[in-house]
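**Student:** Before anything else, here's the structure in question.
There are 2 protein chains.
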Amino acid sequence: MPVSYINEIAKHAGREATVRGWLRHKRGGGKIAFLVVRDGTGDIQAVVSKAVVGDEAFALAGKLTQESSLLLTGTVQADARALGGYELHVSRLEVVQLVADEFPIQPKEHGTGFLMEHRHLWLRSHRQEAVLRIRHEIIRACRNFFDDRGFILADTPIFTPNACEGTTTLFETDYFGEKAYLTQSGQLYNEATAAAFGKVYCFGPTFRAEKSKTRRHLMEFWMVEPEIAFAELADVMALAEEFLAHIVARVLEHRREELKALERDVKKLEAIVPPFPRLTYAEAVAVLQKKGNPIQPGDDFGGDEETILSNEFDRPVIVHRYPAALKAFYMQNDPENPDLALCMDVLAPEGYGEIIGGGQRIHERDKLLARLHAHHLPEDAFKWYLDLRAFGSVPHAGFGMGIERAVAWICGIEHVRETIPFPRMLYKIYP
Amino acid sequence: MPVSYINEIAKHAGREATVRGWLRHKRGGGKIAFLVVRDGTGDIQAVVSKAVVGDEAFALAGKLTQESSLLLTGTVQADARALGGYELHVSRLEVVQLVADEFPIQPKEHGTGFLMEHRHLWLRSHRQEAVLRIRHEIIRACRNFFDDRGFILADTPIFTPNACEGTTTLFETDYFGEKAYLTQSGQLYNEATAAAFGKVYCFGPTFRAEKSKTRRHLMEFWMVEPEIAFAELADVMALAEEFLAHIVARVLEHRREELKALERDVKKLEAIVPPFPRLTYAEAVAVLQKKGNPIQPGDDFGGDEETILSNEFDRPVIVHRYPAALKAFYMQNDPENPDLALCMDVLAPEGYGEIIGGGQRIHERDKLLARLHAHHLPEDAFKWYLDLRAFGSVPHAGFGMGIERAVAWICGIEHVRETIPFPRMLYKIYP
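Chains as they are written, first to last, in our numbering: chain A, 7 to 437; chain B, 7 to 437.
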């Protein structure tokens, strides 16, 4: 008997096939039972008739509990009213495991703490499945975007001897007697590989030991970071715009069903087309003040400010040229006003806030050295990074996008904790 | 003037274009100079004639040092004898940075320690570029293989509260007052996501704090790990075979030039087609003994044994059903002989040894619990893992492939340290 995944059941229409999966729920009784079964690729309704399967198998079907694993063999019948367009008329039922206990995740409301403790089982719900399929689509779209444009994937290290943006938010480990830190960004290493390969990206987990308990923060999150030699701020602003539009378009193209399951307003995603609005930091401050926000020029944006700005537009907004004092040591200055950095943040709409940060890097060795000293960073650890400015230095720029924030925005969900299979949050590391 | 990457220069044949890059080397003098320039996508020879560019620019060309960064504008001329089929006849030369110091990496032989200290610059060599382009191709082939077969990418966590295979080789960190370990494998979490999505894979960095200094070991390495619900050992043996053949075929299809740069014997790669030889552990021991190896039944294979076995065949060899005592606690037993595990290793040919390990997992809760106790593992930390056996447990299997070992084999290079941009080795964490 051919075994079929549920999403390929149409291939067997009118014929017999075996489906292997788990029981979502059942109804009926008496002489006929309806089993809704999932196999990870989709759901199907199976019709079990006492007259067909016999008393014993029918009684067994009646005993099936949620998440019991089973094999169902039967005829695949097209039925426009059925879930997925097909029903399975069962001739044989084989139980792999009859679940003895009540499945912990019930349709009733559970508290977040309970759901997080049972994340390994919670993943089986429709909603989590939809989010994680969209996550996969987003990651695939990111990679294809850069691959198709000739970027080389150059994985940057997780263990780093030095800190990119200070050590207070770093996870530390003992590396054979030396201190090593878990990376917060692949950027510095990207600058080395961009000088070798021209256009590069890295894509991996990054870590911040921030004592933050907000809907936008995870301790462990994935970042995709492109970096380009012979590029300036304007180039990466244009690239970020094209990149985000591409990702949203791919999700709309391939994951309509999942967006529907999440009750996502797709109209709002269909609006994500270039050009995106661009605001200087000064313009953004003016917008915020007009909205009654108490921000003063020179202040950094927090969650509140990002939320206000990102609610102002129907597309991602690019805020550029922040005060240099607010930004990392490696940021290039604006030649028109050295107090500003040639940097940008991209804020997702609907209040989601920052999903991309980037800009142009200092390419002059003396200037970089002065910045290292001003930031009290150890020159020794950055020797290799300074070397990049001594051997064929060129203007270069790049950005990083946090995957989980992008997933939360595109899925339209409140909290990043649902955007990754096993979120790592403050004090939470199980399962 | 249109700017062109060197690998797209053919588009500008017969016309003017600007190339941006770095000087590899130069020759000539007097009235004409030849500059070989790289931009990360390829190399091109530029012809600078004093009569065309004038005395000042010609003198500047004469001063150019290795890795100086520059912009060259000129006419793109097809020339069958030229590197890449085209030459640039320069009309304008603009130097971005004239490198003052001798570039540390010279064609002469450097010691490994020196090259590793200068990894950020060593990456610019032809050989490193070829290896890392092939690495990118392999990673892309892995992802496409699983994506095209309906596997869902489900990232597994880096921070884990419990150890998959003992704690002696784990990197530890403080996670807000708790101990956390860096993952050695995503497998346990893959088992949870496979029960949710049917077919999954994870792809990320993994860590082993092993005091090993061999050509096959890194402290930080990337693994791709598929896991399938309703699958047995035979299924994943077949999948691994198809998977490896696919990867090698994609590299042969897209990276011939890079293989040539590495002087790789492509005949050996062209032989990598299914079926692969399959040996039981017992058969493998017999082969080793016949070769004079002192191994006894029950002994594990080390580097020497892997090298001998992998030299025996022109294709990867699948060794299966090792003694259960040699393998991890979660391995399913062979019902035909409970002393054996339903596991497999795939050894790459030409002496490269193990690149894949996998097998079928215990799906019975009681049996798994007994194994946890026998291995002195904390039941509490594995509560969620035991849950997978209580709520719809099914036979399931999977494997993991180490990316760096696969890259070393396919590139035909001796040591894994060249297969990742910034290798992390024993006591080596810089740059």
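Virtual Cβ for every residue (Gly too), placed ideally from N, Cα, C.
Relative to the alpha-carbon of B/F428, which residue among A/P167, A/E385, A/V102, A/M229 has its alpha-carbon at the smallest distance?
**Tutor:** Counting from one through the second sequence, the residue named residue 428 of chain B turns up at place 422. Looking at the Cα atoms, A/P167 is the closest of the given residues.
**Student:** What are the residues of the region 247 to 272 of chain A that lie near chain B, defined by any Cβ-Cβ distance shorter than 9 Å?
**Tutor:** For the region 247 to 272 of chain A, which is checked against every Cβ of chain B, not one residue is closer than 9 Å.
**Student:** Please work out which residues of its chain come closer than 6 Å, Cβ to Cβ, to B/L332, disregarding the five sequence neighbours upstream and downstream, and give them in chain order.
**Tutor:** For the purposes of this step, residue 332 of chain B is taken as residue 326 along the second sequence, with counting starting at 1. Close CB contacts of B/L332 within its chain, under the 6 Å cut and outside five residues either way in sequence, are with D306 (chain order).
**Student:** Could you say if the region 264 to 281 of chain A and the region 295 to 311 of chain A meet the contact criterion of at least three C-beta pairs nearer than 8 Å?
**Tutor:** The answer is no - the region 295 to 311 of chain A does not touch the region 264 to 281 of chain A, with fewer than three Cβ pairs under 8 Å.
**Student:** Count the C-beta pairs between the region 245 to 261 of chain A and the region 209 to 223 of chain A that are closer than 8 Å, then say yes if the count reaches three, no if not.
**Tutor:** no
**Student:** Note the first and the last residue of the continuous beta strand (DSSP E) segment covering B/L346.
**Tutor:** For the purposes of this step, residue 346 of chain B is taken as the residue at position 340 of the second sequence. Note, B/L346: beta strand (DSSP E), 343 to 347.
**Student:** Just the Cα atoms here: how many angstroms apart are A/V102 and A/G90?
**Tutor:** Locating residue 102 of chain A in the first sequence gives position 96, counting from the first residue. Locating residue 90 of chain A in the first sequence gives position 84, counting from the first residue. Roughly 24 Å separates the two Cα atoms.
**Student:** Take B/G60 as the anchor and find which of B/L76, B/Q51, B/A39 has the nearest alpha-carbon.
**Tutor:** Walking along the second sequence from the start, residue 60 of chain B turns up at place 54. Considering only alpha carbons, the answer is B/A39.
**Student:** When burial is assigned at 16 or more other CB atoms within 10 Å of the CB, is B/Q193 buried or exposed?
**Tutor:** Residue 193 of chain B sits at position 187 when you count from the first residue of the second sequence. B/Q193 should be labelled buried.
**Student:** Taking Cβ-Cβ distances shorter than 8 Å, what residues in chain A pair up with B/S191?
**Tutor:** Looking up residue 191 of chain B in the second sequence gives position 185. The contacting residues do not exist; B/S191 stays about 14 Å from chain A at best.
**Student:** Report the residues of the region 38 to 64 of chain B with a CB closer than 7 Å to any CB of chain A, ordered along the chain.
**Tutor:** Within the region 38 to 64 of chain B, the residues whose Cβ lies closer than 7 Å to some Cβ of chain A are D45, G46, T47, listed in chain order.
**Student:** Tell whether a beta-carbon distance below 7 Å holds between A/I314 and A/L294.
**Tutor:** As a working mapping, residue 314 of chain A is identified with position 308 in the first sequence. As a working mapping, residue 294 of chain A is identified with position 288 in the first sequence. It is a contact, given that the beta carbons lie within the stated cut-off.
**Student:** Using a 10 Å radius around the Cβ and a threshold of 16 neighbouring Cβ atoms, would you call A/G117 buried or exposed?
**Tutor:** Looking up residue 117 of chain A in the first sequence gives position 111. Taking a 10 Å sphere around the C-beta of A/G117, we find fewer than 16 other C-beta atoms and assign the residue as exposed.
**Student:** From the DSSP output, in three-state form, read off B/V254 for me.
**Tutor:** To locate residue 254 of chain B, count along the second sequence from 1; it is residue 248. In the structure shown, B/V254 sits in a helix (DSSP, three-state: H, G or I).
**Student:** For the beta strand (DSSP E) containing A/M225, list its first residue and its last residue.
**Tutor:** As a first step, residue 225 of chain A must be located in the first sequence, where it is residue number 219. It is not in any beta strand (DSSP E) - A/M225 carries neither H nor E in the DSSP assignment.
**Student:** Have a look at B/R33 and B/L41 and give me their C-alpha separation to the nearest angstrom.
**Tutor:** Here residue 33 of chain B corresponds to residue number 27 of the second sequence, with the count starting at 1. Here residue 41 of chain B corresponds to residue number 35 of the second sequence, with the count starting at 1. Taking the straight line from one Cα to the other gives about 7 Å.
**Student:** If distances are taken between C-alpha atoms only, which option among B/K56, B/R44, B/R367 comes closest to B/V400?
**Tutor:** Numbered from 1 along the second sequence, position 394 holds the residue referred to as residue 400 of chain B. Out of B/K56, B/R44, B/R367, B/R367 has the C-alpha closest to the C-alpha of B/V400.
**Student:** Among B/I234, B/G119, B/Y433, B/P341, which has the Cα closest to the Cα of B/G364?
**Tutor:** Mapped onto the second sequence, residue 364 of chain B falls at position 358. Cα-wise, what sits closest to B/G364 is B/I234.
**Student:** Counting C-beta neighbours from all protein chains within 10 Å, is the total for B/G308 16 or more, i.e. buried, or is it exposed?
**Tutor:** Your numbering for residue 308 of chain B matches position 302 in the second sequence. Exposed is the call here.
**Student:** Evaluate contact between the region 196 to 208 of chain B and the region 117 to 131 of chain A, counting only Cβ atoms and requiring at least three cross-stretch pairs below 8 Å.
**Tutor:** Touching, per the Cβ criterion.
**Student:** Cutting at 8 Å between CB atoms, please list the residues of its own chain near A/D241, excluding the five before and the five after it.
**Tutor:** As a position in the first sequence, residue 241 of chain A is number 235, starting the count at 1. I234, A403.
**Student:** Check this for me: beta carbons of B/A52 and B/L94, under 7 Å apart or not?
**Tutor:** Stepping through the second sequence from its first residue, residue 52 of chain B is reached at position 46. Stepping through the second sequence from its first residue, residue 94 of chain B is reached at position 88. Cβ atoms of B/A52 and B/L94: closer than 7 Å.
**Student:** Does any CB atom of chain B fall closer than 7 Å to the CB of A/T175?
**Tutor:** Here residue 175 of chain A refers to the residue found at position 169 of the first sequence. Closer than 7 Å: no.
**Student:** In terms of residue numbering, what span does the alpha helix (DSSP H) encompassing B/F120 cover?
**Tutor:** One-based indexing of the second sequence puts residue 120 of chain B at position 114. First-last of the alpha helix (DSSP H) with B/F120: 118 to 123.
**Student:** How would you label B/R87, buried or exposed, when you count the other beta carbons within 10 angstroms and need 16 or more for buried?
**Tutor:** Start at 1 with the first residue of the second sequence, and residue 87 of chain B comes out as number 81. Exposed: under 16 other Cβ atoms inside 10 Å.
**Student:** Can you tell me which of the three DSSP states B/F109 falls into?
**Tutor:** As a position in the second sequence, residue 109 of chain B is number 103, starting the count at 1. Assignment of B/F109 by DSSP, reduced to helix, strand and coil, places it in the coil class.
**Student:** At a CB distance below 8 Å, what residues from the region 144 to 169 of chain B approach chain A? Give them in sequence order.
**Tutor:** Listed by position along the chain: I145, R146, R149, D153, G156, I158, L159, A160, D161, T162, P163, I164, F165, T166, P167.
**Student:** Which whole runs of the beta strand (DSSP E) in the region 349 to 434 of chain A are 3 residues long or more, in chain order?
**Tutor:** You should have 349 to 354, 359 to 366, 402 to 408.
**Student:** Can you name the residues of chain A whose CB is closer than 7 Å to the CB of B/S75?
**Tutor:** As a first step, residue 75 of chain B must be located in the second sequence, where it is residue number 69. Those within 7 Å of B/S75 in chain A are G398, S399, V400.
**Student:** Which residues does DSSP pair with A/R284 in a beta bridge?
**Tutor:** What you label residue 284 of chain A is simply residue 278 of the first sequence in a count that begins at 1. Looking at the DSSP assignment, A/R284 forms a beta bridge with A/I324.
**Student:** Check whether the region 221 to 232 of chain B and the region 366 to 386 of chain B are in contact - that is, three or more C-beta pairs closer than 8 Å.
**Tutor:** Fewer than three pairs of CB atoms, one per stretch, sit closer than 8 Å, so the region 221 to 232 of chain B makes no contact with the region 366 to 386 of chain B.
**Student:** Considering only the alpha carbon of each residue, which of B/I50, B/N13, B/R149 lies closest to B/I409?
**Tutor:** Here residue 409 of chain B is taken as the residue at index 403 of the second sequence, counted from 1. Residue B/R149 is the option with its Cα nearest to B/I409.
**Student:** Anything in chain B within Cβ reach of A/V105, meaning under 8 Å, just list it in chain order.
**Tutor:** Translated into the one-based positions of the first sequence, residue 105 of chain A becomes position 99. Neighbours of A/V105 on chain B, chain order: A396, F397, G398.
**Student:** Does A/H126 have its Cβ less than 7 Å from a Cβ in chain B?
**Tutor:** Counted from its first residue, the first sequence places residue 126 of chain A at position 120. For A/H126, the answer is yes, since a Cβ of chain B falls inside 7 Å of its Cβ.
**Student:** Shorter than 7 Å from the beta carbon of A/G204 to some beta carbon of chain B?
**Tutor:** Taking the first sequence and counting its residues from 1, the one referred to as residue 204 of chain A is at position 198. At a cut-off of 7 Å between beta carbons, A/G204 contacts chain B.
**Student:** Taking B/H142 as the query, report the chain A residues whose CB atoms sit under 7 Å from its CB, ordered along the chain.
**Tutor:** As a working note, residue 142 of chain B is residue 136 in the second sequence. The answer, in chain order, is I158, L159.
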